[in-house]
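In this note's numbering, the protein residues as written are 29 to 87. Okay, structure first, notes after.
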Amino acid sequence: MVTTLDTHPTKALTLVKSLYAEQAKFVEAHPSFVSLTPEALVPTNEIVPLHFGAAQFFR
Numbered sequence: 029m030v031t032t033l034d035t036h037p038t039k040a041l042t043l044v045k046s047l048y049a050e051q052a053k054f055v056e057a058h059p060s061f062v063s064l065t066p067e068a069l070v071p072t073n074e075i076v077p078l079h080f081g082a083a084q085f086f087r
C-alpha cells in the first residue's frame, strides 16, 4: 500500500491494524487478498519507507 506524508499517522495506523485484524474478511470480499499476509505488509527494502503511523504498529 502507498500513502503520502499528508496522511495522518492515526489513519495509517488504523489501516494497518484493520488489515491485520480483518484479513479473513478481506479474503472473503475478494480472493486476491489471500496474499495480503502480515509478512507481506512488512517492507523488505528501504526504497519506500514505512509511513510513521504504520511504523508504530510494527514496533
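Where a beta carbon is used, it is the ideal one built from N, C-alpha and C, also for glycine.
Practice problem: Using alpha carbons as the reference points, say which of Ala82, Phe86 and Arg87 lies closest to threonine 42. | Solution: The residue with the shortest Cα to Cα distance from threonine 42 is Ala82.
Quiz item: Is it the case that the Cβ atoms of histidine 79 and threonine 31 are separated by a distance below 7 Å?
Solution: yes
Quiz item: From this set, Val76, Pro66, Ile75 and Thr72, which residue's C-alpha is nearest serine 46's C-alpha?
Solution: Pro66
Quiz item: Residue ranges of each alpha helix (DSSP H) run of no fewer than 4 residues wholly in the region 52-85, ordered along the chain?
Solution: 66-69
Quiz item: For the alpha helix (DSSP H) that threonine 38 lies in, which residues bound it at each end?
Solution: 37-49
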